[in-house]
Ligand code: CMC
């Protein structure tokens, strides 16, 4: 019989060659197309980073203007999709709505589902990046019973999203530049992360030739889990449950207890074994946003204290567990006014550009074949069927 390498969780299997994102987990380095994540988060815009991830280079001014124009042309949703939202319960989780609506896009945009046509692939990519803020904002509006707001293309990518989320038709909406900058950073920090579970899911779905909308819906489904994108929601819920710094030791003890399935959410990473460079930027942003918005949230104190205690605890040191990107993001999102249920939806929104870039890279790769892992069979050997009354 064939013998296969057993690698559960793919801890030592490279599934593809990629030129998009580089991570050195030991050194805490994350580069997109060679550019360090902290430089991009500090200086760049989400449109620039999107162009970079998709095309390999930072755009010049003319290229950036053209790209931004193309994206804004696609920000509206087919009007019929509003009816689709109305089929959901008002208390539906936004991620459930996102999986459904994004999966349904292929039924609305037939002219961008032929994956053999590079031009259609690019149109689908632009559509996905452009429509995700509209889709996420509509999921939120639906949950609180407010009217959907159409996109406004003179605003930035993040400004437009904030307005569609927090604006109402009855009055003008002023984008707060501090919040806009924080959101931009959060989006950039989540834009791509090489072959994580949801990106691998997108690639695997895409390897069968499925249309891009279906592939991204698969990615959203995978991202939802608490070990992946769902960690931002779980981390803030955990910090709120801890409530006061005095309760931290109890939770640390639970996280260390082998018989307790509890984990410190927002801690640990498959690849980063030193620190997560995204977490550093996120922590600084949390401080900045709360200070500038004049918000005192005890949850930030709990987060900082928890980080300090864990970083000095033998268990966490020995297992190389550090705060990850999701540890502080919830504190910021909550200060901005998002309910926890929207956190993972925002991650999905931002990660869409990474998924789309990775999907395009895969389709264009001459080595590409259908992803089809093998297994080590552990079941019964061959035996004969026994009629039911003889069992
Ligand atoms: N709290 C307590 N113990 C932990 C934690 C944690 N957060 N994370 C890992 N460990 C322990 C784990 O019990 C295991 O111990 P042992 O070797 O004794 O069995 C050891 O550390 C290694 O953990 P693992 O689960 O084998 O490592 P992994 O690489 O498979 O998992 C992870 C990585 C991110 C799923 C995991 O660290 C985790 O569940 N963290 C909490 C969820 C979280 O914050 N996820 C967000 C990841 S970053 C954003 C994203 O990419 O989506």
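Numbering (my numbering), first residue to last: 16 to 406.
Glycine included, every Cβ here is placed at the ideal spot set by N, Cα and C.
- Can you name the residues that DSSP bridges to residue 39? Counted from its first residue, the chain shown places residue 39 at position 24. Its beta-bridge partners are 44.
- Query: In chain order, what residues of the same chain have a beta carbon less than 8 angstroms from the beta carbon of residue 206, not counting five sequence neighbours either side?
  - Reply: As a first step, residue 206 must be located in the chain shown, where it is residue number 191. Excluding positions up to five away in sequence, the list reads 47, 61, 64, 65, 68, 365, 366, 368 and 369.
- Item | Sheet register partners of residue 282 (DSSP bridge) | By 1-based counting over the chain shown, the position of residue 282 is 267. DSSP lists 338 as partners of residue 282.
- Item | Spatially closest choice to residue 89 from 162, 146 and 122, by CA coordinates | Translated into the one-based positions of the chain shown, residue 89 becomes position 74. Of 162, 146 and 122, the residue nearest in Cα terms is 146.
- Message: Shorter than 8 angstroms, the distance from the beta carbon of residue 241 to the closest heavy atom of the ligand CMC, or not?
- Response: Here residue 241 refers to the residue found at position 226 of the chain shown. For residue 241, the Cβ falls inside the 8 angstroms cut-off from some heavy atom of the ligand CMC.
- Task: From the DSSP output, in three-state form, read off residue 50 for me.
- Result: As a position in the chain shown, residue 50 is number 35, starting the count at 1. In the structure shown, residue 50 sits in a strand (DSSP, three-state: E or B).
- Query: By a C-beta neighbour count over all protein chains shown, 10 Å radius and 16 as the cutoff for buried, is residue 301 buried or exposed?
  - Reply: For the purposes of this step, residue 301 is identified with residue 286 of the chain shown, where counting begins at 1. Classification of residue 301: buried, given that the 10 Å Cβ count is 16 or more.
- Heavy atom of the ligand CMC less than 8 angstroms from the Cβ of residue 119, yes or no? Along the chain shown, one-based indexing puts residue 119 at 104. False, no ligand heavy atom lies under 8 angstroms from that Cβ.
- Query: Which same chain residues, not among the five before or five after residue 143, have their C-beta less than 6 angstroms away from its C-beta?
  - Reply: In the chain shown, the residue the question calls residue 143 occupies position 128. Correct list, in chain order: 231, 367 and 371.
- Task: Would you mind giving the Cβ-Cβ distance between residue 222 and residue 385, rounded to the nearest angstrom? I have them listed as a contact below 8 angstroms.
- Result: Within the chain shown, the letter at position 207 stands for residue 222. Within the chain shown, the letter at position 370 stands for residue 385. The Cβ separation is near 5 angstroms, so the contact holds.
- Query: From 23, 185, 255 and 71, pick the residue whose C-alpha is nearest to that of residue 285; which is it?
  - Reply: For the purposes of this step, residue 285 is identified with residue 270 of the chain shown, where counting begins at 1. Nearest of 23, 185, 255 and 71 to residue 285, Cα basis: 23.
- Query: For the ligand CMC, any of its heavy atoms closer than 8 angstroms to the Cβ of residue 345?
  - Reply: Locating residue 345 in the chain shown gives position 330, where the first residue counts as 1. Taken from the Cβ of residue 345, every heavy atom of the ligand CMC lies 8 angstroms or farther away.
- Just to check, is the beta-carbon of residue 146 closer than 8 angstroms to a non-hydrogen atom of the ligand ADP? This structure lacks the ligand ADP; its bound ligands are the ligand CMC.
- Task: Please report the Cβ distance between residue 15 and residue 85, rounded to the nearest whole angstrom; I am assuming they are in contact, meaning their Cβ atoms lie under 8 angstroms.
- Result: For residue 15 there is no data in the structure shown, the boundaries of the chain being 16 and 406.
- Query: If you draw a straight line from the C-alpha of residue 313 to the C-alpha of residue 259, how long is it?
  - Reply: Position 298 of the chain shown, counting from 1, holds the residue named residue 313. Position 244 of the chain shown, counting from 1, holds the residue named residue 259. Their Cα atoms are separated by approximately 7 angstroms.
- Item | Local Cβ density within 10 Å of residue 401, reported as buried at 16 or more and exposed below that | Position 386 of the chain shown, counted from the first residue, corresponds to residue 401. Label assigned to residue 401: exposed.
- Message: For the alpha helix (DSSP H) containing residue 69, name the first residue and the last one.
- Response: Indexing the chain shown from 1 puts residue 69 at position 54. First-last of the alpha helix (DSSP H) with residue 69: 61-70.
- Range covered by the alpha helix (DSSP H) that runs through residue 252: The sequence position of residue 252 within the chain shown is 237, counting from 1. 246-257 is the span of the alpha helix (DSSP H), which, as asked, contains residue 252.
- Would you say the beta carbon of residue 295 comes nearer than 8 angstroms to a heavy atom of the ligand CMC? On the chain shown, residue 295 is found 280 positions in, with the first residue counted as 1. Short note on residue 295: C-beta not closer than 8 angstroms to any heavy atom of the ligand CMC.
- Task: Assign residue 74 to one of three DSSP states: helix, strand, or coil.
- Result: Your numbering for residue 74 matches position 59 in the chain shown. Coil at residue 74, not helix or strand.
- Message: Suppose you measure from the CA of residue 352 to the CA of residue 49; what does that come to, to the nearest Å?
- Response: To locate residue 352, count along the chain shown from 1; it is residue 337. To locate residue 49, count along the chain shown from 1; it is residue 34. Computed Cα separation, rounded: 34 angstroms.
- Query: Hey, how far is the Cα of residue 391 from the Cα of residue 26?
  - Reply: As a working note, residue 391 is residue 376 in the chain shown. As a working note, residue 26 is residue 11 in the chain shown. Going from the Cα of residue 391 to the Cα of residue 26 covers about 16 angstroms.
- Where do the ends of the alpha helix (DSSP H) carrying residue 127 lie? Along the chain shown, one-based indexing puts residue 127 at 112. For residue 127, no alpha helix (DSSP H) segment is defined, and its DSSP state is neither H nor E.
- Message: Going by DSSP, what residue range makes up the alpha helix (DSSP H) through residue 401?
- Response: Translated into the one-based positions of the chain shown, residue 401 becomes position 386. Per DSSP, residue 401 is not a residue of any alpha helix (DSSP H), being assigned neither H nor E.
- Item | the stretch 326-343 / the stretch 95-103 touching (three or more Cβ pairs under 8 angstroms) | No, they do not touch.
- residue 287 by DSSP, collapsed to three states: which one? As a position in the chain shown, residue 287 is number 272, starting the count at 1. Note: residue 287 maps to coil in three-state DSSP.
- Query: Does DSSP put residue 412 in a helix, in a strand, or in coil?
  - Reply: As displayed, the chain neither begins before 16 nor continues past 406, which places residue 412 out of reach and without an answer.
- Query: Quick one: Cα of residue 381 to Cα of residue 17, how far?
  - Reply: Against the chain shown, residue 381 aligns to sequence position 366. Against the chain shown, residue 17 aligns to sequence position 2. Using only the alpha carbons, I get a separation of about 26 angstroms.
- Item | Through-space distance from residue 358 to residue 116, alpha-carbon basis | Translated into positions along the chain shown, residue 116 becomes position 101. Translated into positions along the chain shown, residue 358 becomes position 343. Each residue's CA atom was taken as its position, placing residue 116 and residue 358 some 17 angstroms apart.
- Where does residue 317 fall in DSSP's three states? The residue you call residue 317 lines up with position 302 of the chain shown. The answer is helix: DSSP assigns residue 317 an H, G or I state.
- Task: Please look up how many angstroms separate the CB atoms of residue 201 and residue 361, rounded, as I've assumed it's under 8 angstroms.
- Result: What you label residue 201 is simply residue 186 of the chain shown in a count that begins at 1. What you label residue 361 is simply residue 346 of the chain shown in a count that begins at 1. Going by Cβ atoms, the distance from residue 201 to residue 361 rounds to 7 angstroms, so yes, they are a contact pair.
- Item | Cut-off 6 angstroms between Cβ atoms - residues of its own chain near residue 383, not counting five sequence neighbours on either side | The count along the chain shown starts at 1 and reaches residue 383 at position 368. Excluding sequence neighbours, residue 383 sits near 377.
- Would the C-beta of residue 285 count as close to the ligand CMC, meaning under 8 angstroms from any of its heavy atoms? For the purposes of this step, residue 285 is identified with residue 270 of the chain shown, where counting begins at 1. Yes; taking the cut-off as 8 angstroms, the Cβ of residue 285 has a heavy atom of the ligand CMC nearer than that.
- By Cβ distance, which residues of its chain are closer than 8 angstroms to residue 246, with the 5 residues on each side in sequence left out? For the purposes of this step, residue 246 is identified with residue 231 of the chain shown, where counting begins at 1. Answer for residue 246: 280, 281, 339 and 341, listed in chain order.
- For residue 95, name the three-state secondary structure that DSSP assigns. If you number the chain shown from 1, residue 95 lands on position 80. Three-state result, residue 95: coil.
- Message: My assumption, with CB atoms under 8 angstroms, is that residue 310 sits in contact with residue 249. Please give the rounded CB distance.
- Response: As a first step, residue 310 is located in the chain shown; it is residue number 295 there, counting from the start. As a first step, residue 249 is located in the chain shown; it is residue number 234 there, counting from the start. Between residue 310 and residue 249 the beta-carbon gap is near 22 angstroms, outside 8 angstroms, which marks them as no contact.
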